[in-house]
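All remarks here apply to the structure that follows.
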Amino acid sequence: FLFNLAPFIAIIVAMMLMAPIAFAKDFQLWDMNFGVLYISAISSMMVISILMAGWASNNKYSLMGAMRSGAQIVSYELSAGLSILAVVVLTGSLNLNDIIQSQANGWWIFKGHIPVMIAFVIFIIAVTAETNRAPFDLAEAESELTAGFHTEYSGMKFALFFLAEYVNVFIVCAIGATLFLGGWMPFHIGHWQGFNQVMDYIPSSLWFFGKTFFLIFLIMWFRWTFPRLRIDQLLNLEWKYLLPISMFNLLLVTAMAILGWYF
1 FLFNLAPFIA IIVAMMLMAP IAFAKDFQLW DMNFGVLYIS AISSMMVISI LMAGWASNNK
61 YSLMGAMRSG AQIVSYELSA GLSILAVVVL TGSLNLNDII QSQANGWWIF KGHIPVMIAF
121 VIFIIAVTAE TNRAPFDLAE AESELTAGFH TEYSGMKFAL FFLAEYVNVF IVCAIGATLF
181 LGGWMPFHIG HWQGFNQVMD YIPSSLWFFG KTFFLIFLIM WFRWTFPRLR IDQLLNLEWK
241 YLLPISMFNL LLVTAMAILG WYF
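Following this note's numbering, the numbering of the sequence shown begins with 1 at its first residue and continues without gaps.
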């Protein structure tokens, strides 16, 4: 029963994450006041399906792959959460729509100076690890673990795991685009009235999907560029580097928000 349930949990969790995302100006499934909180809560349920799949497969390689994957997702969720908090601190709201509205006069990645840039870089690294993409795809390291927690799966159940994985990649990129790149907000430059009016003619959905696919392209680029990490290197990167940097960065952003040092 658990073996059959795991892929469905994976895809249901992935689909639930689409609810609070604003795909265009007035196109949002559920405009909630706790959108960021909802996303971090639901996305952490992904671990359940992976551990369930690994354990119910009754196969040592599957269990090992699931354990690695679980450790990886739980670790990198912390950094991703802290980098998201940086934007929440500046905006003062957990509502994704409010976060987009706060970027009407400039995207956070530009008007938040260096701390928000650091948060953005950490966010991209952390979500790449969280969605099990290369160079962090230890869960399915073919050379050592046959295929990770997918080993015993075939047919549609196997496909559901991969569908969930790619849906997750789309969702984390959509969240990155919403928080740091202004969601569906067009690109405006200060007092260039003509340029800004031209930018306003481009439909908001095109802006949103353009930014999202740019981030997806970045994650694909990682796959072509970097070799796969070992499990100890992977966890060292998180606990020794990303987490301390993102915690210190959050302090910087808080100071910035209190002193009003952003544009």
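Every residue, glycine too, gets a C-beta built ideally from N, C-alpha and C. Owing to the predicted nature of the structure, the values given are computational and were not obtained by experimental measurement.
Option nearest residue i by Cα separation, candidates the options
{"i": "P227", "options": "F136, A104, V127 and I50", "result": "F136"}
{"i": "V13", "options": "L163, V116, A126 and M32", "result": "L163"}
{"i": "E238", "options": "D98, N59 and V127", "result": "V127"}
{"i": "D200", "options": "S154, M156, I122 and N105", "result": "N105"}
{"i": "I274", "options": "L96, A71 and P7", "result": "No answer is possible for residue 274: it lies beyond the span of the chain, which begins at 1 and ends at 263."}
{"i": "S205", "options": "A177, K111, I216 and A257", "result": "A177"}
{"i": "G190", "options": "F209, K111 and N249", "result": "K111"}
{"i": "M52", "options": "A159, W107, L5 and M256", "result": "L5"}
{"i": "F161", "options": "Q103, F8 and K60", "result": "F8"}
{"i": "V301", "options": "F158, F214 and W192", "result": "No answer is possible for residue 301: the residues shown for the chain start at 1 and end at 263."}
{"i": "I50", "options": "T225, F3, F27 and D26", "result": "F3"}
{"i": "Q28", "options": "I11, N58 and N95", "result": "N95"}
{"i": "F1", "options": "F123, S57, K25 and A24", "result": "S57"}
{"i": "A129", "options": "E77, Q103, I114 and V116", "result": "E77"}
{"i": "A10", "options": "M156, F34 and D26", "result": "M156"}
{"i": "I48", "options": "L63, L229 and N59", "result": "L63"}
{"i": "A119", "options": "S102, Q103, V87 and A159", "result": "V87"}
{"i": "M117", "options": "L259, L250 and G210", "result": "L250"}
{"i": "W107", "options": "H188, I216, G260 and N59", "result": "H188"}
{"i": "W261", "options": "H113, W221, M220 and F158", "result": "H113"}
Supposed contact pair residue j and residue i - C-beta distance, whole angstroms, cut 8 Å
{"i": "L181", "j": "I109", "result": "6 Å"}
{"i": "A174", "j": "T212", "result": "5 Å"}
{"i": "T254", "j": "V36", "result": "About 16 Å separates the two Cβ atoms, so there is no contact after all."}
{"i": "M15", "j": "V167", "result": "7 Å"}
{"i": "A24", "j": "F208", "result": "6 Å"}
{"i": "S69", "j": "I122", "result": "No, S69 and I122 are not in contact; Cβ-Cβ is about 20 Å, not under 8 Å."}
For residue i: DSSP bridge partner residues
{"i": "F27", "result": "A24"}
Own chain residues within Cβ distance below 7 Å of residue i, not counting five before or after
{"i": "I125", "result": "L242"}
{"i": "I202", "result": "P186"}
{"i": "I100", "result": "A22, T178, G182, G183, W184 and M185"}
{"i": "D98", "result": "T91"}
{"i": "S93", "result": "I99"}
{"i": "W30", "result": "A19 and P20"}
{"i": "A257", "result": "V89 and L90"}
{"i": "W192", "result": "none"}
{"i": "E165", "result": "T131 and N132"}
Same chain only: Cβ atoms within 6 Å of residue i, ignoring 5 sequence neighbours per side
{"i": "A134", "result": "R223"}
{"i": "L252", "result": "P115"}
{"i": "H225", "result": "Here residue 225 is Thr; the residue named in the question, His, does not match the sequence. Nothing meets the Cβ criterion."}
{"i": "Q103", "result": "G182 and M185"}
Min CB distance residue i to chain D below 9 Å
{"i": "H113", "result": "Of the protein chains in this structure there is only one, and it is not chain D."}
Beta-carbon proximity list for residue i, same chain, < 8 Å, skipping 5 on both sides
{"i": "L235", "result": "A71, Q72 and S75"}
{"i": "Y38", "result": "A19, P20 and M32"}
{"i": "F34", "result": "L94 and N95"}
{"i": "L229", "result": "P135, F136, L138 and L237"}
heavy atom of the ligand FMN below 8 Å from residue i C-beta
{"i": "L2", "result": "The ligand FMN is not part of this structure, which contains no ligands at all."}
Check whether the stretch 33-46 touches the stretch 14-21, counting contact only when three or more Cβ pairs, one atom from each stretch, lie closer than 8 Å. yes
If you pair each beta-carbon of the stretch 148-163 with each one of the stretch 191-201, do three or more pairs fall below 8 Å? no
For the structure I just gave you, are there three or more beta carbon pairs, one from the stretch 76-87 and one from the stretch 242-256, closer than 8 Å? yes
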